[in-house]
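Taken in sequence, the protein lines are chains A and B.
Here my numbering is used: position 97 in the first sequence is 97, and no number is missing along the way.
Here my numbering is used: position 328 in the second sequence is 606, and no number is missing along the way.
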Amino acid sequence: MLTLAIDAVTTAALLFIISSGLLIVFGVMKIINFAHAAFVTVGGYAALVGSRLGLPWALVLPLAFATGAACGALTEATIVRRLYQRPLDAILATWGLGIVIGQIVTLIFGREVQFVQAPITGTVDLIGVDYSAYRIVMIAAAAIIAVIFTGLLSGTRLGLSTRAVIMNETLAQGLGVDSARVRLVTFAIGSGLASLAGALITPLSSVDPNMGLPWLISAFMLVMVSGGSLPALAVSCFVLGGVQVIVSTFVNPILGGLTIAICAAIVLRIRPEGFARA
Amino acid sequence: MTLRHLLASLAFAAAVTPAMAADPIRIGVPVGLSGANSVVAPSVVQSAELAVEEINAKGGVLGRPLALDVADDASGAAGAQKAFDALIFQKKVNVLISMETSAARNAGLPIVARGKTPFIYTSFYEGKSCSPYLYVNAWVPEQQVPPIVDYFNKEKKAKSYFLIGSDYAFGRGMLSFTKAYIEKTGGKVVGEEYLPMDGSDWTSIISKLKAAGADAIITSTAGGAPNVTLTKQLRAAGVSLPYGNLAVDEGTAKSMGADATDIYISASYVTGIDSAANKTFLAAMSKKFGADLKTPNDLSVPEYEGVYAYKAAVEKAGGTDPQKVLAALADVSVDGPRGAIRMGKQRHAPLTMYLGQVQADGSVKVIQSFPNVDPGQQCPPKS
Chain A
1 MLTLAIDAVT TAALLFIISS GLLIVFGVMK IINFAHAAFV TVGGYAALVG
51 SRLGLPWALV LPLAFATGAA CGALTEATIV RRLYQRPLDA ILATWGLGIV
101 IGQIVTLIFG REVQFVQAPI TGTVDLIGVD YSAYRIVMIA AAAIIAVIFT
151 GLLSGTRLGL STRAVIMNET LAQGLGVDSA RVRLVTFAIG SGLASLAGAL
201 ITPLSSVDPN MGLPWLISAF MLVMVSGGSL PALAVSCFVL GGVQVIVSTF
251 VNPILGGLTI AICAAIVLRI RPEGFARA
Chain B
279 MTLRHLLASL AFAAAVTPAM AADPIRIGVP VGLSGANSVV APSVVQSAEL
329 AVEEINAKGG VLGRPLALDV ADDASGAAGA QKAFDALIFQ KKVNVLISME
379 TSAARNAGLP IVARGKTPFI YTSFYEGKSC SPYLYVNAWV PEQQVPPIVD
429 YFNKEKKAKS YFLIGSDYAF GRGMLSFTKA YIEKTGGKVV GEEYLPMDGS
479 DWTSIISKLK AAGADAIITS TAGGAPNVTL TKQLRAAGVS LPYGNLAVDE
529 GTAKSMGADA TDIYISASYV TGIDSAANKT FLAAMSKKFG ADLKTPNDLS
579 VPEYEGVYAY KAAVEKAGGT DPQKVLAALA DVSVDGPRGA IRMGKQRHAP
629 LTMYLGQVQA DGSVKVIQSF PNVDPGQQCP PKS
């Protein structure tokens, strides 16, 4: 029973880490970045390169974030910027971009599966349950990401401009907020977060050109039910991640893999604003 | 080199090897150069190239040289149809020798039957593929699973097993055979769990495994990513039960590093086979390909031996007539890196299987060998 609870919490933490970048982009731009999975992959490879160079994890993670942010900034400036008025086309364009990035990664690194050694191995004894230490660390990582971004949004000048753009872009522009710059920075941060997530999951996962894809649908659904709010995302991760663990444990893991998508669809049908406060 | 020199050397070549002037015997190799098999396909092509080069250097087959036609089947059914069609009806190959996915093989077989072309399949697979044109020189579940289960039963005193796999034909097929075999040998299966092929989060399965109290685990996932994620997460969760992995190969085990340590694998070929034939083969491979050499493996070595089996069958049949070659293939025996192999059991081959354990440095140590494991009833004659 306790194992089940820890499974649920760590799964929620992982989901939160993966989807926060997507949420930030969606919140500000109302655009779903389907290249998110590709940025997750980029982060995995950044971690691979970093660990091959012998960098400590304290440097690997910023490296992954910076790589993703750079890719994101480039993407915003060249592709996404032209598509703000056409959100459906933006989905297509970013999906296509994801394929292109995947192929570039394949060209550089080959399509085989590669490996990054975990910085933390073994298990810890958690109130009588022997549990993977790295997954426990993921809970802390999710909390840190949540705190930093809440702080960034509510405590800084950039956060203030960002919130202004979210609420009413025309008005914000009228008050002298450079909304193009806000969008550029937000997209870069969102992509950087995706890459950071990619680096964080590598010790649990394999590094291959499609490593981000299995997470994309869940992340997308979670962002849809949370309607662009960070606290709502945390709630959805706990609820839907928890349901996924319960279904996987008591029914079977194949259905478990579908639960987030199905539950999200049901939630949106009953309550279109999802877990966000309307 | 001037034109005159070139002509002179061509004339010289023609003079010393008059036999080579004959029409080549064409070998078609449809293989997954792209798609899921693209990691392993280059090693298969290298094996075929070495075999053809060696045979041609010794005067070819019945005085005719061998020529290879490699075609990409994209690892799937649609690509295989195109590849088989092009090889059989345009290139007019005399034989097909290759490893492929089961989907590609099944899609190619009707075309093989239409072209009446012998097909030597060199990939291990789930068994019971029974086209009269098809010969198989690699293992089936009846040969791969018993070494691991027998070893766990006897040496590890395992009574209860937990099975984990990817949700697709090969994964489920292997594990349902494994389950039946465990129950036949007196053991018990306390859990059997699957994740979709692209699944990467094994958390709940691992929690169930830990709760089940099994003595040993046997896994059969799709190759590549699922195998890696499962192994890493098992290790991260502190699982140290005897761990038999039906889907990992030597190369993957090596690159997985410390996480792969102590995994048990069962194969008809590992590079560590201590025989003169294997050492000669490995030396010839590294001489021919040097730094570009792809490590020979359980999928590429049967390709090498397949070419030799075809050579022997053509020589026995006295020509490339498909029906005669097909009849001869059941009788000829090839002495290769894996030992003496004859595809005489319902077009399948008894094989020596090796139980290996992955060492801390990534190498595979052969713990036990099981000589001439029978493929069982693959294609029983209809009564």
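Glycine included, each C-beta is placed from N, C-alpha and C at the ideal position.
Predicted model, so just to flag it, every value in this text is computed and none were measured.
- In the three-state reduction of the DSSP assignment, residue 442 (chain B) falls in the strand class, which pools E and B.
- Closest in C-alpha terms to residue 303 (chain B), from the list B:401, B:592, B:658, B:643, comes B:592.
- Note on the stretch 459–538 of chain B: whole beta strand (DSSP E) runs with a minimum of 3 residues are 466–473, 494–498, 521–523, in chain order.
- Under the three-state reduction of DSSP, residue 401 (chain B) is assigned to coil, being neither helix nor strand.
- Ranked by Cα distance from residue 232 (chain A), the options A:1, A:110, A:69, A:27 are led by A:27.
- In the three-state DSSP reduction, residue 608 (chain B) falls in the coil class, being neither helix nor strand.
- Among the CB atoms of chain A, none fall inside 7 Å of the CB of residue 379 (chain B).
- Judged by DSSP in its simplified three-state form, residue 547 (chain B) adopts coil rather than helix or strand.
- Contacts with chain B at 7 Å (Cβ-Cβ) include residue 134 (chain A).
- Residues of the stretch 104–121 of chain A with a C-beta atom less than 8 Å from some C-beta of chain B are 111, 112, 113, 114, 115, 117, 118, 121, listed in chain order.
- Your pair residue 630 (chain B) and residue 620 (chain B) does not check out as a contact, with CB atoms roughly 12 Å apart and the cut at 8 Å.
- Counting every other CB atom within 10 Å of its CB across the protein chains shown gives residue 658 (chain B) a total below 16, marking it as exposed.
- Going by beta carbons, residue 409 (chain B) and residue 377 (chain B) fall outside the 7 Å limit.
- Annotated three-state conformation of residue 34 (chain A) is coil, per DSSP.
- Neighbours of residue 317 (chain B) in chain A, taken as residues at a C-beta separation under 9 Å, are given in chain order as 110, 111, 112, 113.
- Look at residue 452 (chain B) here: in three-state DSSP terms it is helix.
- For the set A:30, A:102, A:18, the Cα lying nearest the Cα of residue 87 (chain A) is the one of A:30.
- In this structure, the alpha-carbon of residue 192 (chain A) lies about 24 Å from that of residue 476 (chain B).
- Within the stretch 460–475 of chain B, 471, 472, 473, 474 place their CB atoms closer than 9 Å to a CB of chain A, listed in sequence order.
- CA-CA distance, residue 160 (chain A) to residue 227 (chain A), rounds to 19 Å.
- Within 8 Å of the CB of residue 398 (chain B), no CB atom of chain A is found; the nearest one sits about 27 Å away.
- The DSSP assignment places 373–376, 397–399, 412–414 as complete runs of the beta strand (DSSP E) inside the stretch 365–441 of chain B, in order along the chain (cut-off: 3 residues).
- Below the 7 Å Cβ cutoff, chain A contributes 254 as neighbours of residue 445 (chain B), in chain order.
- Taking the Cα positions, residue 578 (chain B) is about 32 Å away from residue 42 (chain A).
- CA-CA distance, residue 391 (chain B) to residue 373 (chain B), rounds to 12 Å.
- Nearest CB-CB separation between residue 177 (chain A) and chain B: not below the 7 Å threshold.
- Nearest neighbour of residue 468 (chain B) by Cα position, chosen from B:437, B:524, B:426, B:474, turns out to be B:437.
- Contacts between residue 483 (chain B) and chain A, judged by CB atoms closer than 7 Å, involve 253 in chain order.
- Proximity of residue 7 (chain A) to chain B, defined by a Cβ-Cβ separation below 7 Å, is satisfied.
- Residue-level contact by beta carbon fails for residue 407 (chain B) and chain A, as no gap is shorter than 7 Å.
- Nearest CB-CB separation between residue 515 (chain B) and chain A: below the 7 Å threshold.
- If you look at residue 127 (chain A), you'll find it isn't in any alpha helix (DSSP H); DSSP assigns it neither H nor E.
- DSSP lists B:626 as the bridge partner or partners of residue 623 (chain B).
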